[in-house]
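Residue numbers (my numbering): 33 to 247.
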């Protein structure tokens, strides 16, 4: 008896399910179709670029980019040149600044200069309109021997006397400067001269004939 009621109940439920099955299927189909169309539309919007720029505008943008790149490269080149010039002026052994520094050290290390001028001794260049003494007179020239020369003059002041240092350097076979002469004229009544370096007789007579160049 119970089995017959269960069978009848199952049969009734099956008929109800079959009755609503078409409606459920249609709803699921419409849902899937809507989702698929939405996905296709979204995908199309993401991947397809409908903006088409004119050729003239593209050329203009490319020209602008190249111009910016050229300005950047030019700036880098100018900066590199300035750094090289500063490095060469400050650290090269052939720069006037290095020649001046080494010559001052030689003068101060000579006990005759210290005894005559008095301690302490200061070195300086020519006085300008602002009464500054940073400029050191020098000239770079090519001698009759074809070698490069550098002639320089600077001043020394001690507690007793003042003096003027004169030097001339010549480029050797290795391309470096070496002293032709370095001496100090003391500004006293006797105008004493203290010779620190004198290699003029070790070079050719053509080089010795250039002593008429003055600063």
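Built from N, CA and C at the ideal position, the CB exists for glycine as well.
Nothing here was measured: the structure is a model prediction, and the numbers come from that model.
Item: Assumed close pair residue 157, residue 168 - CB separation to whole angstroms, cut-off 8 Å; Value: 4 Å
Item: For residue 102, three-class secondary structure by DSSP; Value: helix
Item: The region 212-232 in contact with the region 135-150 per 3-pair CB rule at 8 Å; Value: yes
Item: Contact set for residue 201: own chain, Cβ-Cβ below 7 Å, skip 5 residues either direction; Value: 131, 181, 182, 209, 210, 211, 212
Item: Classification of residue 221 by the beta-carbon crowding that lies within 10 angstroms, buried from 16 upward; Value: exposed
Item: Nearest residue (CA-CA) to residue 143, options 203, 216, 174, 233; Value: 216
Item: Residue environment, residue 148, which counts as buried when at least 16 other CB atoms sit within 10 Å; Value: buried
Item: Straight-line gap, residue 135 to residue 214 (C-alpha atoms, nearest Å); Value: 8 Å
Item: Three-state secondary structure (DSSP) of residue 144; Value: helix
Item: Those residues which DSSP pairs with residue 138 across a bridge; Value: In the DSSP output, where bridge partners are listed per residue, residue 138 has none listed.
Item: Those residues which DSSP pairs with residue 181 across a bridge; Value: 173, 202
Item: Secondary structure of residue 159, DSSP reduced to three states; Value: coil
Item: Collapsed DSSP secondary structure at residue 194 in the structure displayed; Value: strand
Item: Backbone CA spacing between residue 249 and residue 96 [nearest angstrom]; Value: Coverage of the chain is limited to positions 33 through 247, which leaves residue 249 absent and any answer about it impossible.
Item: C-alpha gap between residue 126 and residue 178, whole angstroms; Value: 17 Å
Item: Residue 228 - containing beta strand (DSSP E), residue span; Value: 225-230
Item: Where the beta strand (DSSP E) through residue 218 begins and ends; Value: 209-218
Item: Helix, strand or coil at residue 76 according to DSSP, with G and I counted as helix; Value: The predicted model places residue 76 with a pLDDT of 47, which falls under 50 and marks its position as unreliable; any figure quoted below should be read in that light. Residue 76 falls in the helix class under three-state DSSP.
Item: Backbone secondary structure at residue 189 - three-state DSSP; Value: strand
Item: Distance CB(residue 219)-CB(residue 194) smaller than 8 Å; Value: yes
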